[in-house]
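Asker: After the structure tokens below, expect a handful of questions from me.
2 protein chains.
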Amino acid sequence: MPIYQSPVQDTLYLLNEVLGYPNHANLPGFADASPDVLEAILAEGAKLAENVMLPLNRIGDTEGCTRNDDGSVTTPKGFGQAYQQYREGGWMGLAAPAEYGGQGLPYAVHAAVGEYLSSANMALMMYPGLTQGAIAAIVAHGSEAQKQTFLPKMIDGGWTGTMNLTEPHCGTDLGLLRTKAVPNGDGTYRISGQKIFISAGEHDMSDNIVHLVLARIEGAPEGVKGISLFIVPKFKLDADGNPGERNGVSCGSIEEKMGIHGNATCVMNYDEAEGTLLGAENGGLKAMFVMMNEARLGVGLQGLSLSEVAYQNAVAYARERLQGRSLSGPKNPQGKADPIIVHPDIRRALMTMRAFNEAGRALVLWTALNSDIAHRSADEAERQAADDLLGLMTPVLKGVLTDKGFEHAVMAQQVFGGHGYIEEHGMSQFVRDARIAMIYEGANGIQALDLVGRKLALNGGRAVQAFFKEVGEFCEENRADETMAPFTKSIKKGLNDLQAATMWLMQNAMAKPDNAGAASTDYMHLFGLVVLGYLWGRMAKVSQEKLAEGAGDTAAFHEHKIVTARYFMERVMPETAAHLARISTGADTMMALPAEAF
Amino acid sequence: MPIYQSPVQDTLYLLNEVLGYPNHANLPGFADASPDVLEAILAEGAKLAENVMLPLNRIGDTEGCTRNDDGSVTTPKGFGQAYQQYREGGWMGLAAPAEYGGQGLPYAVHAAVGEYLSSANMALMMYPGLTQGAIAAIVAHGSEAQKQTFLPKMIDGGWTGTMNLTEPHCGTDLGLLRTKAVPNGDGTYRISGQKIFISAGEHDMSDNIVHLVLARIEGAPEGVKGISLFIVPKFKLDADGNPGERNGVSCGSIEEKMGIHGNATCVMNYDEAEGTLLGAENGGLKAMFVMMNEARLGVGLQGLSLSEVAYQNAVAYARERLQGRSLSGPKNPQGKADPIIVHPDIRRALMTMRAFNEAGRALVLWTALNSDIAHRSADEAERQAADDLLGLMTPVLKGVLTDKGFEHAVMAQQVFGGHGYIEEHGMSQFVRDARIAMIYEGANGIQALDLVGRKLALNGGRAVQAFFKEVGEFCEENRADETMAPFTKSIKKGLNDLQAATMWLMQNAMAKPDNAGAASTDYMHLFGLVVLGYLWGRMAKVSQEKLAEGAGDTAAFHEHKIVTARYFMERVMPETAAHLARISTGADTMMALPAEAF
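Heads up: the sequence lines are chains A and B, in that order. Just so you know, we're using my numbering here: the first sequence kicks off at 2 and counts up by one. Just so you know, we're using my numbering here: the second sequence kicks off at 2 and counts up by one.
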């Protein structure tokens with residue numbers, strides 16, 4: 002049975018001491034989650050994760066979901082009750098607008114707790130997770146009537162939501178989609194078509210399911226310009242706004258997947274289902290992107306969550322499993338062997354995961370905090386700067402945290418040796434679950450293209466220049482500080498590589514766009530290393546200061562931070578040079594073979 | 002349904018044109034597999050893989066193996082018949098000694114065909130695979146009576162074999178094992194204990210199962226010095242040497258695993274089972290290592306096999322799946338979208354896998370050929386040089402090919418997007434199956450330690466010095482050749498990094514062995530990059546020469562080799578510097594945290 006303990010102390014350190022959460026008390030909602038309230042919320046979230054969600058994680062994997070003959074779907078035993086506890090705790094509406102029943106607290110708090118919950122049970126948390134995205138889309142694009150109709154029920158958790166984009170022949174290229182919408186003349190539409198890979202598409206945990214569906218209105222232009230977004234509830238609403246007659250949407254089958262078995266991934270069939278337009282006619286892609294951006298942060302978070310829980314289990318095993326002797330002499334001389342945590346190669350795995358997790362958590366919270374500022378600040382300049390950063394970090398966070406999250410789940414599994422390969426210890430599940438995060442909400446190759454092809458050049462490169470400036474200034478400001486030198490030197494080297502790669506793109510990708518595509522994945526990871534390295538620099542700075550002040554009880558905590566920061570600089574940052582070297586070779590060799598030659 | 006086509010042309014190119022297979026016609030068995038016969042054997046092996054093994058691969062995964070109430074095990078439908086075809090084709094004895102019924106052909110030929118068969122159905126091929134290892138151990142350490150009793154039946158495929166090492170509390174550290182052997186006084190022993198993770202431990206495909214079992218003879222010294230190896234047949238043999246009474250060994254349960262479901266991975270219970278000593282009393286580890294080394298090559302091969310079949314399926318999908326437009330203008334203007342193979346990031350994945358597979362195949366065949374020379378040459382110096390190389394390459398081949406094999410199975414799955422995550426296309430199976438190869442026959446961390454802690458220093462570093470010399474001379478000899486410059490420059494750079502890392506180890510690991518452990522995995526991968534880079538250099542050289550001579554029909558083949566070699570130099574080799582940088586930081590930071598701090 003896997004173990005898990007929510008890293009509450011680390012979250013508090015990051016928010017309060019590193020990222021300046023307390024400085025934003027003036028933003029709406031922040032006063033309601035002052036540092037002491039924040040701590041109480043995190044502690045409650047931790048309890049829910051550890052006591053309610055975690056015990057159901059293996060059950061979800063082994064039981065999976067069942068589609069019954071009548072098209073209904075049964076979720077794994079206990080999922081419904083656990084969801085009810087989530088709902089009753091008010092977690093769905095934590096950061097949702099107060100005017101529709103939410104608590105209006107910071108998104109950063111929501112993200113912090115979200116990490117714990119997804120570590121404990123990713124598949125279960127996808128049910129509310131998709132709902133959060135649907136809420137965000139309705140908040141951003143719904144008419145007042147739609148908001149009044151749907152938001153209170155969804156924010157209360159009584160109704161859940163879904164995103165319906167993918168069709169059998171199109172995922173990334175939504176311009177090809179065929180699901181059609183025919184106007185009824187009364188403001189409603191009849192939606193027909195098939196959607197696949199619909200997470201939480203059908204289940205037994207809520208009174209209604211609010212499907213947000215991309216479709217093409219009859220006669221609309223071809224391609225992405227002719228796509229509209231619709232709200233299609235599983236049950237049509239009666240005059241009082243309560244679930245009434247069944248709508249023309251049903252689950253055709255459940256996909257057999259590699260992992261996240263606890264989540265019902267459905268083929269959804271729309272047969273003249275009644276829906277209403279969400280946002281503008283033919284403006285579906287724009288409306289969908291509100292969901293998508295929210296979802297991408299949520300998926301990046303899953304990468305971190307799985308890396309963290311896999312790490313914790315590897316640590317526990319490495320402390321217990323006795324095998325071999327330390328190369329520097331027995332550490333457990335009274336036993337027949339030493340615990341494997343004494344072996345450097347095991348340490349390498351543990352330190353690599355740890356160094357990533359702590360910086361990954363910083364990245365998630367930093368981005369979430371910027372999302373709050375972007376949405377809530379009264380100061381336009383501050384709002385814009387935060388929004389720039391949010392847009393820039395979204396693909397990096399999604400792509401890098403999920404690629405690395407999977408890699409680290411595999412690394413943690415390796416610590417278990419053969420015991421990691423059998424299902425009993427749950428390590429295989431972490432790997433199988435983590436795998437999807439690299440794919441859905443835009444496969445990581447698409448994230449890389451979004452970064453290189455869109456985000457870099459946006460507003461004349463304003464966002465990326467601001468980020469480079471911030472990192473450069475951090476290095477400059479701390480140049481004289483000897484204790485910071487090992488960090489700033491390494492961050493500066495990474496920044497130089499990233500700037501060189503950016504320059505290379507500017508010089509080589511305009512005339513030949515394949516050079517951008519050929520560089521994209523390496524560029525995204527290079528970017529990620531610099532971001533995580535920079536955040537380690539900030540953590541090292543704070544912890545050095547705390548130690549200098551005399552950290553008391555927390556001295557060990559801060560000392561360990563500094564060791565881990567150093568590990569990141571020594572062992573992870575050297576990869577920036579390899580990424581730059583690869584990027585600089587361009588697309589020519591990569592594209593040289595004819596397709597038939599493969 | 003996954004596709005697969007055996008890369009026969011590539012195998013022939015490597016053996017005949019690159020690795021000098023025809024020059025060894027003087028070695029025993031090689032004359033019987035002259036280049037034309039070789040081609041016929043490969044073609045037959047390809048047919049068996051594609052027509053018989055491949056169609057059962059998904060079935061094996063979905064059906065798995067069943068332990069019945071009487072302890073017998075039922076393998077997936079069709080596995081028994083497929084194994085019979087393998088057996089009747091004489092594949093089990095292909096490279097086994099003629100005096101016991103084998104064909105005595107080169108091990109290199111066996112390895113070449115082995116790649117195809119494991120690509121087509123890894124789980125099925127493990128049944129004969131384990132038998133090969135058991136045959137090798139009996140050939141090396143059996144008494145003449147044991148050889149006469151067991152080898153003909155095993156080489157004929159009528160009996161299969163297993164390796165029984167792991168116990169619940171020990172895998173890597175065999176010194177801890179508890180299974181005990183009590184002498185009966187008549188030369189036989191009663192073996193009692195429990196073994197876990199026993200591949201092909203019980204099944205319905207052969208008339209007898211020959212278990213090779215590590216156990217401790219009563220009163221033997223503690224630790225690895227007191228371990229002996231035993232032959233324990235499932236059925237005791239009657240006076241005629243035929244299977245008679247059931248022995249005291251049975252399958253307690255089948256493990257639920259992440260993959261290779263078609264193989265029965267058993268918990269084996271020994272309850273006073275009758276066995277005979279194989280090799281010397283307390284010399285079990287040495288005898289087991291004969292099997293182990295053979296098995297490690299076989300497992301490295303599985304890494305290549307899975308990478309190759311996953312690659313082929315990704316290629317097929319990338320050619321068919323229409324999604325988006327090429328960044329350099331439509332390539333399929335009459336269609337609604339271009340095939341995704343036009344996108345550079347998809348190319349990056351395909352070229353990375355291809356560049357690895359072709360060099361990985363070269364490494365496997367080069368090592369196998371050296372195994373033949375080491376075992377069959379009449380020239381002592383030649384034999385020793387080949388044996389040095391074999392010993393040096395075994396951990397590199399196992400560790401690197403399986404780490405990369407898994408990574409590439411994941412990469413191929415990613416090409417499929419969401420369709421890769423559902424089981425239907427078989428990509429998930431490749432990932433799940435490939436995962437075990439990083440673990441069994443010595444987890445890859447152990448391979449890295451074997452390389453750094455044992456193989457490097459063996460005989461005063463003779464093997465590694467000879468390898469460095471060979472690679473250095475290759476670069477030197479081709480220095481004047483301008484067409485070779487892009488390759489030799491990159492190989493030389495890699496070699497310099499590897500030599501610097503080796504020097505660092507010599508200077509820093511003697512006094513502080515943790516520095517060796519901290520460097521080991523990076524060192525193994527650095528070594529692998531240089532080996533694969535060197536083999537790409539040799540392939541580029543041959544293909545350049547062929548093109549200069551006018552290659553006719555095969556011109557495209559050789560041109561593609563050169564492009565792929567260039568890709569490897571540009572995109573893969575830059576990693577050597579990152580490995581060196583990490584190695585040079587030593588163990589201090591990695592080991593700094595107390596175990597409780599994790």
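C-beta: ideal position from N, C-alpha, C; glycine also. None of these values were measured; they are calculated from a predicted model.
Alpha carbons only, please: which of B:Ala216, B:Leu278 and B:Ile199 is nearest the one belonging to Ile232 of chain B?
Answerer: B:Leu278
Asker: Within 9 angstroms of any Cβ in chain B, is that where the Cβ of Tyr318 of chain A sits?
Answerer: no
Asker: Contact criterion: CB-CB distance below 9 angstroms. Does Lys399 of chain B meet it with respect to chain A?
Answerer: no
Asker: Whole angstroms are fine: how far does the CA of Ala549 of chain B sit from the CA of His559 of chain B?
Answerer: Rounded to whole angstroms, His559 of chain B to Ala549 of chain B spans 10 angstroms at the Cα level.
Asker: Using the rule of at least 16 other Cβ atoms within 10 Å of the residue's Cβ for burial, across every protein chain shown, is Gly21 of chain A buried or exposed?
Answerer: exposed
Asker: Tell me which same chain residues have a C-beta within less than 7 angstroms of the C-beta of Gly61 of chain A, skipping the five on either side of it?
Answerer: Pro77, Phe80, Asn122, Ala124, Leu125, His262 and Gly263
Asker: List the endpoints of the continuous beta strand (DSSP E) containing Pro234 of chain B.
Answerer: Ile228 to Pro234
Asker: Within the present structure, is the beta-carbon of Ile261 of chain A separated from the nearest heavy atom of the ligand GDP by less than 8 angstroms?
Answerer: In the structure shown, the ligand GDP is absent, as is every other ligand, since no ligand is present at all.
Asker: Does Ile600 of chain B have its Cβ less than 9 angstroms from a Cβ in chain A?
Answerer: Nothing about residue 600 of chain B can be reported from this structure: the residues present for chain B run from 2 to 599 only.
Asker: Exposed or buried, Gln508 of chain B, counting other C-beta atoms within 10 Å across all chains shown (16 or more means buried)?
Answerer: exposed
Asker: Verify whether the separation of the beta carbon atoms of Gly605 of chain A and Asp404 of chain A is less than 9 angstroms.
Answerer: Residue 605 of chain A cannot be examined here, being either before or after the span of chain A that is shown, 2 to 599.
Asker: To the nearest angstrom, how far is the alpha carbon of Arg348 of chain A from that of Ile341 of chain A?
Answerer: 9 angstroms
Asker: Going by alpha carbons, who is nearest to Asn17 of chain B out of B:Ile584, B:Ser544 and B:Arg583?
Answerer: Its Cα nearest to that of Asn17 of chain B, the residue B:Ser544 stands out among B:Ile584, B:Ser544 and B:Arg583.
Asker: Does the beta carbon of Cys171 of chain A sit closer than 9 angstroms to a beta carbon anywhere in chain B?
Answerer: Chain B, which has a Cβ nearer than 9 angstroms to the Cβ of Cys171 of chain A, makes this yes.
Asker: Quick check on this structure: which residue in B:Asn516, B:Asp205, B:Ala510 and B:Thr565 has the alpha carbon closest to the alpha carbon of Gly534 of chain B?
Answerer: Closest option to Gly534 of chain B, Cα to Cα, is B:Thr565.
Asker: Is the beta carbon of Leu530 of chain A sitting closer than 9 angstroms to the one on Gly495 of chain A?
Answerer: yes
Asker: Following the continuous alpha helix (DSSP H) through Ala578 of chain B, name the residue where it begins and the one where it ends.
Answerer: For Ala578 of chain B, the enclosing alpha helix (DSSP H) covers residues Glu576 to Ile584.
Asker: Using the three-state DSSP reduction, which class does Met54 of chain A fall into: helix, strand or coil?
Answerer: helix
Asker: Evaluate Ser254 of chain A with the Cβ neighbour count: other Cβ atoms within 10 Å of its Cβ, from every protein chain shown; 16 or more gives buried, anything less gives exposed.
Answerer: exposed
Asker: I want to verify the contact list: residues of chain A whose CB lies under 8 angstroms from the CB of Gly325 of chain B, in sequence order.
Answerer: Chain A residues near Gly325 of chain B: Thr173 and Asp174.
Asker: Return the first residue and the last residue of the alpha helix (DSSP H) that Phe407 of chain B is part of.
Answerer: Glu381 to Val416
Asker: Using the rule of at least 16 other Cβ atoms within 10 Å of the residue's Cβ for burial, across every protein chain shown, is Ser308 of chain A buried or exposed?
Answerer: buried
Asker: Taking the beta strand (DSSP E) that Met164 of chain A belongs to, which residues open and close that run?
Answerer: Trp160 to Asn165
Asker: Tell me the DSSP bridge mates of Arg217 of chain A?
Answerer: A:Lys181 and A:Ile228
Asker: Tell whether a beta-carbon distance below 9 angstroms holds between Ile447 of chain A and Met574 of chain A.
Answerer: no
Asker: Closer than 8 angstroms by beta-carbon distance: list the chain A residues that pair up with Ala598 of chain B, in chain order.
Answerer: Correct list: Ala557 and His561.
Asker: With a threshold of 16 other CB atoms inside 10 Å of the CB of Arg326 of chain A, please say whether the residue is buried or exposed.
Answerer: buried
Asker: Look at the alpha carbon of Met206 of chain B and the alpha carbon of Arg217 of chain B, and state the distance between them as a whole number of angstroms.
Answerer: Counting only the Cα atoms, Arg217 of chain B lies some 30 angstroms from Met206 of chain B.
Asker: For a cutoff of 9 angstroms on Cβ pairs, would you count Leu215 of chain B as touching chain A?
Answerer: no
Asker: At 4 residues or longer, what runs of the alpha helix (DSSP H) sit wholly inside the region 474-528 of chain A?
Answerer: 486-509
Asker: Would you decide whether Ser35 of chain A is buried or exposed? Buried here means 16 or more other CB atoms lie within 10 Å of its CB.
Answerer: exposed
Asker: Would you say His526 of chain B lies against chain A (beta-carbon separation less than 9 angstroms)?
Answerer: no
Asker: Which residue from B:Ser229, B:Pro234 and B:Ser251 puts its Cα closest to that of Asn283 of chain B?
Answerer: Residue B:Ser229 holds the alpha-carbon nearest to the alpha-carbon of Asn283 of chain B among B:Ser229, B:Pro234 and B:Ser251.
Asker: Once DSSP output is grouped into helix, strand and coil, what is the label at Leu457 of chain A?
Answerer: coil
Asker: Check distances from the C-beta atoms of the region 185-205 of chain B to those of chain A and list, in chain order, the residues that come in under 9 angstroms.
Answerer: Ile197 and Phe198
Asker: Which residue or residues does DSSP assign as beta-bridge partners of Gly276 of chain B?
Answerer: In the DSSP secondary-structure assignment, Gly276 of chain B is bridged to B:Tyr190.
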